[in-house]
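Chains as they are written, first to last, in my numbering: chain A, 96 to 399; chain B, 5 to 242; chain C, 3 to 282.
We put the beta carbon where it would ideally sit given N, CA and C, even for glycine.
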Amino acid sequence: MECVLKTFDLGKRFGKRWAARGLNLEVHRGDIFCFLGPNGAGKSTTIRMILTLLKPTTGAIRLFGEDLHKNRVAVLSRVGGIVEKPDFYLFLSAFKNLKLLGSMTRRVTRDEVMEALERVGLSARAGDKVRTFSHGMKQRLGIAQALLTKPELIILDEPTTGLDPQGMKDVRELIQRLALEEGMTIFLSSHLLSEIEQVATRMAVIHRGEMKAQGSVSELLAREAIDYALQAAPIEQAMRLMQGVPWVQVLSSDGHMIEVRLEPGHAAELNKLLVANQIEVAALYPRRTLEDFFLKVTKGAPGI
Amino acid sequence: MKRFFAIVLLLLLMLPWPAVIQAQGQAEALRVLAALEKKYAGLKDYVVDVKVHFAIETFRAPDLLARLYYKVPDKMRIESNRVVFFPRDGGYFNPAQFKQEEYTVLPLGYVTYNKRRAVQLRLIPKKIKGATQDMVLTIDIGKLLLREMILSQAGGKVIKAEITYGTFSSFELPTVIRLLLDLPAAEPGIAEGFSGLPPDAGEPQRITGEIAISYSNYQVNTGLGDELFKKDKSQGKP
Amino acid sequence: MTLFGFEAYKTFSRWRTYISFGVLALIVVMTEIVMRVSAREIIGSMMKIFQRDFIIAGNILNAWFITTFIMNSLHFHIPFLVTLVAGDMVSSEATAGTIRFLLIRPPSRQRILNAKYLTALFYTAGLVMFFAVLCVVLGLALFGSGDLIMHRLGQFSVVFIPEAEIPLRMLLAFAAAIWSMTVVASLAFLFSAMAENSIGPIIGTMAVVICFLIFGNLPLHFFRHLKPFFFTTHMLLWQGFFDSSIRWLEIGQSAVILGLHNAGLFLIASIVYRRKDIKS
Numbered sequence: 096m097e098c099v100l101k102t103f104d105l106g107k108r109f110g111k112r113w114a115a116r117g118l119n120l121e122v123h124r125g126d127i128f129c130f131l132g133p134n135g136a137g138k139s140t141t142i143r144m145i146l147t148l149l150k151p152t153t154g155a156i157r158l159f160g161e162d163l164h165k166n167r168v169a170v171l172s173r174v175g176g177i178v179e180k181p182d183f184y185l186f187l188s189a190f191k192n193l194k195l196l197g198s199m200t201r202r203v204t205r206d207e208v209m210e211a212l213e214r215v216g217l218s219a220r221a222g223d224k225v226r227t228f229s230h231g232m233k234q235r236l237g238i239a240q241a242l243l244t245k246p247e248l249i250i251l252d253e254p255t256t257g258l259d260p261q262g263m264k265d266v267r268e269l270i271q272r273l274a275l276e277e278g279m280t281i282f283l284s285s286h287l288l289s290e291i292e293q294v295a296t297r298m299a300v301i302h303r304g305e306m307k308a309q310g311s312v313s314e315l316l317a318r319e320a321i322d323y324a325l326q327a328a329p330i331e332q333a334m335r336l337m338q339g340v341p342w343v344q345v346l347s348s349d350g351h352m353i354e355v356r357l358e359p360g361h362a363a364e365l366n367k368l369l370v371a372n373q374i375e376v377a378a379l380y381p382r383r384t385l386e387d388f389f390l391k392v393t394k395g396a397p398g399i
Numbered sequence: 005m006k007r008f009f010a011i012v013l014l015l016l017l018m019l020p021w022p023a024v025i026q027a028q029g030q031a032e033a034l035r036v037l038a039a040l041e042k043k044y045a046g047l048k049d050y051v052v053d054v055k056v057h058f059a060i061e062t063f064r065a066p067d068l069l070a071r072l073y074y075k076v077p078d079k080m081r082i083e084s085n086r087v088v089f090f091p092r093d094g095g096y097f098n099p100a101q102f103k104q105e106e107y108t109v110l111p112l113g114y115v116t117y118n119k120r121r122a123v124q125l126r127l128i129p130k131k132i133k134g135a136t137q138d139m140v141l142t143i144d145i146g147k148l149l150l151r152e153m154i155l156s157q158a159g160g161k162v163i164k165a166e167i168t169y170g171t172f173s174s175f176e177l178p179t180v181i182r183l184l185l186d187l188p189a190a191e192p193g194i195a196e197g198f199s200g201l202p203p204d205a206g207e208p209q210r211i212t213g214e215i216a217i218s219y220s221n222y223q224v225n226t227g228l229g230d231e232l233f234k235k236d237k238s239q240g241k242p
Numbered sequence: 003m004t005l006f007g008f009e010a011y012k013t014f015s016r017w018r019t020y021i022s023f024g025v026l027a028l029i030v031v032m033t034e035i036v037m038r039v040s041a042r043e044i045i046g047s048m049m050k051i052f053q054r055d056f057i058i059a060g061n062i063l064n065a066w067f068i069t070t071f072i073m074n075s076l077h078f079h080i081p082f083l084v085t086l087v088a089g090d091m092v093s094s095e096a097t098a099g100t101i102r103f104l105l106i107r108p109p110s111r112q113r114i115l116n117a118k119y120l121t122a123l124f125y126t127a128g129l130v131m132f133f134a135v136l137c138v139v140l141g142l143a144l145f146g147s148g149d150l151i152m153h154r155l156g157q158f159s160v161v162f163i164p165e166a167e168i169p170l171r172m173l174l175a176f177a178a179a180i181w182s183m184t185v186v187a188s189l190a191f192l193f194s195a196m197a198e199n200s201i202g203p204i205i206g207t208m209a210v211v212i213c214f215l216i217f218g219n220l221p222l223h224f225f226r227h228l229k230p231f232f233f234t235t236h237m238l239l240w241q242g243f244f245d246s247s248i249r250w251l252e253i254g255q256s257a258v259i260l261g262l263h264n265a266g267l268f269l270i271a272s273i274v275y276r277r278k279d280i281k282s
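In structure tokens:
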């Protein structure tokens, strides 16, 4: 699979403090790559290095197979992004902001600007000065400017900050659409785990400047023993069957639902076992969330 | 008898001869001034074209052209469609300016000026009107012409005017007046230039140079009206 | 060129850019009206040293005289107005946060900085040209034309410049004035490239200009010796066009010194900005 973004031992030091260190990120074409970390973990520092706002202290960045600093123009013209707050020229209209910013990458037409605004639901406010926009509208305008030149890689730093629930949902859907329908690669940083859980295909977790985990979401979540909810009938028969299996531990049962803990990679096997014993499986789904995973890896556990 | 002559001689020696001589010189001076005034008594007005040439290091200007109007006793006007700096004192010929009653006249003696006999008079204004505090005139006695004029002015300014004449409508009028200036470089009390610095030690403290005024195309006694000399703000006395 | 257009559009879209033009217009209009009303008094005080000795005829208080009179204050008010915009040119992007959108675009920082610097120079030139046009046009309307009399206040020193020569000399003088003001713009631009807010560069630039002007004018020999090395001294190169014969050599030297200042200041700004980490 083509690697759109790859970093090699990437690090940034401010004074004596390393904000990011030894990062080896890999983002593949078509990924919705989520970059997770608590506040101050080094997410923004990393994104700033990828977007040339900060000069790395160590390491290198390759985008589309080319060295970022040697081929800046060619590489960055294929990238769109937002870093932290979407700050625009307040004294200019939304349309003019996009037109001017877009023209720094390539010539953009009026239709392209309007299309980008339409995508984020701001076409009706195209002529209004950004000064009059709410934070949520600016956030959407930020996404519009990232999309404007139809980049192959979009880097979004906390794109849903300040949006209302509907806005967040819209952005999530937009991100999925961009990846699935338009083949764009999305690099997304956030600390909103629920949001990431719903869209991410791959992810990396960073904590105190160091990488704690990287891989596909399902892969990462499936690597450790994990709790599942099981709805099966007849329930007593299922309970009896599972008590004799070494890789299953029954935790509780309320008469309708059984909570079990499985060793990594046994979910499908359990399903198969139950069905083979004429037990009807109505539902089997993980109870362990990304949040659990995140909290575990960011509490000093060794990298996964 | 011998004794008598000795006494007479002694008495004669005791007489105030310098006073007598001075009184005689004073009378001569007044007579010359009166003759000069009488000579030009028929000059009522004149109009003349002037060209002012500056040869002063700190006064860099091209030759300035203007028309000068004069009417007795002291009316004068300069007209030009361009900017003109015209010397106020000594720059134009005004024979009516040496009225005896306005000055204390002191004879300074006789000199030879251009191989001609001339008298030097010192005129001290009884009432100072302008900048001039004192003037020394050199007058050709035979021709009754004012040949030279040295003006001493407030602030240590000295202006010497040398006058060359020609004859126009039976009047001898200046064709050239050369003004030799010796002036302080700066206005007293104002020590600043563009830079705000007082003059440097290397800068000259006095300005010397020459202004030559040429006169041509005299029109004499054309009957200039007084309205021509109505107070012009830009030409008024300081 | 696109980047320059972008920067110029941004700069001239902000109303604060026009404050300078407004202030300048106010200064010129007020000065000229006051001079029109008090013409005799002004001539009296300026020409005092000559009026004792000369009858002054003709239109001295003309548009050209007024223009050069106002130009003498050029190194006080225009630097401040230039600084307002040039000092804000780079730092305002950091203050507003727009720098993050700007620098993640393909053009290099150097190209962006070039465009901004060019815009600062363009604005400076525009401001001085506006000043020139306003001074001359309003001056001609209120005072008419005539020969130009340049003099040093309180000194027996005059230079007459014939009316026919004035337009060309005026043009050259204003070109020189633009060139001298670009140094102020460069200085403000350097501070702007170093700072993350606009107040610092504005105050810093004005502090430097005022200090150099004061040092250059202090009646102390120590500063007199240093004066030729102050850029503020060479900022008066425009006055060389109003001498009886144009002092080309001195003007050329000053122009080169100012040019070297511009190049040096912009070079430092470039080095600083290219290495700068954008943390805002």
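Buried or exposed by the 16-neighbour rule on C-beta atoms within 10 Å, applied to residue i
{"i": "Phe224 of chain C", "result": "exposed"}
{"i": "Pro151 of chain A", "result": "buried"}
{"i": "Met32 of chain C", "result": "exposed"}
{"i": "Met3 of chain C", "result": "exposed"}
{"i": "Asn85 of chain B", "result": "exposed"}
{"i": "Ile143 of chain B", "result": "buried"}
{"i": "Leu201 of chain C", "result": "The amino acid occupying residue 201 of chain C in the given sequence is Ile; Leu does not appear at that position. So Ile201 of chain C counts as exposed."}
{"i": "Ile132 of chain B", "result": "exposed"}
{"i": "Lys138 of chain A", "result": "buried"}
{"i": "Met96 of chain A", "result": "exposed"}
{"i": "Arg201 of chain A", "result": "exposed"}
Where the alpha helix (DSSP H) containing residue i begins and where it ends
{"i": "Gln240 of chain A", "result": "His230 to Leu242"}
{"i": "Asp245 of chain B", "result": "For chain B, the structure presents residues 5 to 242; residue 245 of chain B sits outside this window and is missing."}
{"i": "Thr121 of chain C", "result": "Arg111 to Phe145"}
{"i": "Phe232 of chain C", "result": "Run containing Phe232 of chain C: none; DSSP gives neither H nor E here."}
{"i": "Tyr11 of chain C", "result": "Thr4 to Ser15"}
C-beta contact flag for residue i and residue j at 8 Å
{"i": "Gly24 of chain C", "j": "Lys180 of chain A", "result": "no"}
{"i": "Thr136 of chain B", "j": "Asp93 of chain B", "result": "yes"}
{"i": "Gln112 of chain C", "j": "Ser272 of chain C", "result": "yes"}
{"i": "Val30 of chain C", "j": "Ile72 of chain C", "result": "yes"}
{"i": "Val185 of chain C", "j": "Thr85 of chain C", "result": "no"}
{"i": "Ile402 of chain A", "j": "Ala274 of chain A", "result": "No answer is possible for residue 402 of chain A: it lies beyond the span of chain A, which begins at 96 and ends at 399."}
{"i": "Ala65 of chain B", "j": "Val211 of chain C", "result": "no"}
{"i": "Ser91 of chain B", "j": "Leu183 of chain B", "result": "Per the sequence shown, residue 91 of chain B should be read as Pro rather than Ser. Cβ atoms of Pro91 of chain B and Leu183 of chain B: closer than 8 Å."}
{"i": "Ala189 of chain B", "j": "Phe158 of chain C", "result": "yes"}
{"i": "Ile68 of chain C", "j": "Leu192 of chain C", "result": "no"}
{"i": "Ile205 of chain C", "j": "Leu129 of chain C", "result": "no"}
{"i": "Thr140 of chain A", "j": "Ala169 of chain A", "result": "no"}
{"i": "Ala257 of chain C", "j": "Trp181 of chain C", "result": "yes"}
{"i": "Leu457 of chain A", "j": "Gln240 of chain A", "result": "It is not possible to answer for residue 457 of chain A, since the shown part of chain A is limited to 96 through 399."}
Boundaries (first-last residue) of the beta strand (DSSP E) holding residue i
{"i": "His123 of chain A", "result": "Glu121 to His123"}
{"i": "Glu375 of chain A", "result": "Glu375 to Pro381"}
{"i": "Ile281 of chain A", "result": "Thr280 to Ser285"}
{"i": "Tyr107 of chain B", "result": "Tyr107 to Tyr117"}
Contact belief for residue i with residue j at Cβ below 8 Å, rounded distance in angstroms
{"i": "Thr393 of chain A", "j": "Val312 of chain A", "result": "About 16 Å; that fails the 8 Å criterion."}
{"i": "Tyr219 of chain B", "j": "Thr179 of chain B", "result": "6 Å"}
{"i": "Asp78 of chain B", "j": "Leu228 of chain B", "result": "Between Leu228 of chain B and Asp78 of chain B the Cβ distance is about 13 Å, and since that is not below 8 Å, they are no contact."}
Inset, instruction - Identify each residue in the region 83-106 of chain C for which the Cβ-Cβ distance to at least one residue of chain A is less than 7 Å, and report them in chain order. - result: So the list reads Ala98, Gly99, Thr100, Arg102, Phe103, Leu105 and Ile106, given in the order they occur along the chain.
Legend entry - Members of the region 201-222 of chain C that neighbour chain B once the beta carbon cut-off is set at 9 Å: For the region 201-222 of chain C, which is checked against every Cβ of chain B, the residues closer than 9 Å are Gly218, Asn219, Leu220 and Pro221.
Inset, instruction - Could you name the residues of the region 53-87 of chain C whose beta carbon sits closer than 8 Å to any beta carbon of chain B, in the order they occur along the chain? - result: Close to chain B, meaning a Cβ-Cβ distance shorter than 8 Å, are the following residues of the region 53-87 of chain C: Gln53, Arg54, Asp55, Phe56, Ile57, Ile58, Ala59, Gly60, Asn61, Ile62 and Asn74.
Inset, instruction - Determine which residues of the region 188-221 of chain A have a Cβ less than 7 Å from any Cβ of chain C, and write them out in chain order. - result: Of all residues in the region 188-221 of chain A, Leu195, Leu196, Ser198, Met199 and Thr200 have a Cβ within less than 7 Å of some Cβ in chain C.
Legend entry - Selection of the region 141-165 of chain C by Cβ proximity to chain B, strictly under 8 Å: Residues Gly148, Asp149, Ile151, Arg154, Leu155, Gly156, Gln157, Phe158, Ser159, Val160, Val161, Phe162, Pro164 and Glu165.
Inset, instruction - Could you list the residues in the region 220-250 of chain A with a C-beta less than 9 Å from some C-beta on chain C, going in chain order? - result: Cβ contacts with chain C: Gly237, Gln240 and Ile250.
Legend entry - Chain-ordered residues of the region 240-259 of chain C with a beta carbon less than 9 Å from chain B: Of all residues in the region 240-259 of chain C, those with a C-beta nearer than 9 Å to a C-beta of chain B are Gln241, Asp245, Ser246 and Ser247, reading in chain order.
Inset, instruction - Residues of the region 88-116 of chain B with a CB closer than 8 Å to any CB of chain C: list them in chain order, please. - result: Of all residues in the region 88-116 of chain B, Val88, Phe89, Phe90, Pro91, Arg92, Asp93 and Gly95 have a Cβ within less than 8 Å of some Cβ in chain C.
Inset, instruction - Scan the region 61-80 of chain B for residues whose Cβ lies nearer than 7 Å to a Cβ of chain C and list them as they occur along the chain. - result: The residues in question are Thr62, Phe63, Arg64, Ala65, Pro66 and Ala70.
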